[in-house]
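Have a look at the structure below before the remarks.
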Amino acid sequence: MNEPNHAPAKTTAFLHAVVDDGATSTGRKFAILLQILILLSLVTFSIETLPNLSEDAVRLLTVVEGITVAIFSVEYVIRVYAAPSKRQFIFSFYGMIDLLAILPFYLGLAADLRWVRVARLMRLFRLLKFGRYNDALHRFRAAMSSIKEELMIFMTATMILIYVAAVGVYYFENKAQPEQFASIFHSLWWAIATLSTVGYGDVYPVTAGGRIFTGLLLLLGLGVVAVPSGLLAAALQQQSVSKRPATTDEGAHRSTEG
């Protein structure tokens with residue numbers, strides 16, 4: 027009598043194993059299928075941009091896209107159904123990515139032609155689905171999460187520095203180059219390019235004060251790149267180190283048992 031009550035739980039557990047458990051044979055095959063579909067959808071997206079495509083080619087690409095979206099849609103429904111907390115999954119990072127991966131297709135059907143190109147560009151979100159199947163990306167995400175407070179402080183300081191740089195170069199260069207540095211807003215692009223050490227060759231200071239100010243900014247710009255890189259490198263190293271003891275202890279335990 028109680029057997030039917032366990033059926034939904036068994037179904038949910040099976041579906042969860044298929045879509046989320048890469049340790050099972052079925053889960054691995056499903057993951058490989060989805061990765062192939064992601065690549066296929068990106069290839070079709072690229073082919074669609076070729077000029078002078080024949081009608082047959084367009085129809086074939088449309089069919090391929092339709093099949094891909096159908097499978098992605100089924101995957102999304104399964105993940106929502108199998109999730110312990112449906113609301114939590116829907117609003118999670120990968121839940122949103124899974125939705126954005128299929129939404130463009132349906133928007134393209136419902137929206138007018140002005141929104142079709144935007145909807146097609148949204149298909150690039152499918153690239154982010156790869157993160158679910160890559161351990162290295164999982165470690166990268168964990169590393170970013172571990173230093174998010176430090177990064178927020180650094181980003182805030184960087185934004186302040188960019189604004190100060192824009193104000194400074196405007197003050198020094200506005201009269202000498204009114205076309206290039208017409209306002210602080212015009213100077214912001216130059217400040218971002220300078221502090222990121224990318225540089226913007228067509229726009230550069232010509233006054234003595236502007237050049238001295240720019241030299242100081244270039245020195246600070248090294249930190250804009252180096253500080254987050256150092257934080258991330260240290261966090262990734264910590265992620266690697268945190269996994270080593272478990273492996274070492276397991277090996278020692280097996281040696282003791284042997």
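The numbering of the sequence shown is this note's numbering, which starts it at 27 and goes up by one. Cβ coordinates follow ideal geometry from the N, Cα and C atoms, glycine included. These numbers come from a predicted model, not from an experiment.
Nearest residue (CA-CA) to residue i, options the options
i    : options                   : result
P34  : A109, S209 and G236       : A109
L221 : A57, P130 and A183        : A183
F239 : I173, Y196 and A259       : Y196
F119 : I97, T75 and S171         : S171
P204 : R113, F115, V250 and P231 : P231
S213 : A191, Q265, P77 and A169  : A191
F246 : A219, G235, D82 and Q265  : It should be noted that the sequence gives Leu, not Phe, for residue 246. Closest by alpha carbon: A219.
A96  : S111, L60 and F71         : L60
F166 : A259, A252 and F40        : A259
S266 : I62, A168 and E176        : A168
G92  : I58, A234, D228 and F131  : F131
V253 : I173, L133 and Y107       : I173
T233 : K201, L248, A217 and L257 : K201
Residue environment, residue i, which counts as buried when at least 16 other CB atoms sit within 10 Å
i    : result
F198 : buried
S268 : exposed
A261 : buried
T274 : In this predicted model, T274 has a pLDDT of only 47, less than 50, meaning its place in the structure is not dependable enough to derive any value.
P77  : exposed
I179 : exposed
V69  : exposed
G241 : exposed
W215 : exposed
E81  : exposed
I186 : exposed
G236 : buried
S67  : buried
V45  : buried
T94  : buried
I62  : exposed
A39  : exposed
L65  : exposed
D228 : exposed
Terminal residues of the alpha helix (DSSP H) in which residue i lies
i    : result
L295 : Past the boundaries of the shown model lies residue 295; the chain is included only from 27 to 284, so the question cannot be answered.
F117 : No alpha helix (DSSP H) contains F117, which DSSP labels as neither H nor E.
A192 : K174 to E199
T220 : I210 to L221
Can we say the stretch 39-53 touches the stretch 78-95, given the rule of at least three CB pairs closer than 8 Å? no
Answer yes if the stretch 91-107 comes into contact with the stretch 117-134, meaning at least three C-beta pairs across the two stretches below 8 Å, and no otherwise. yes
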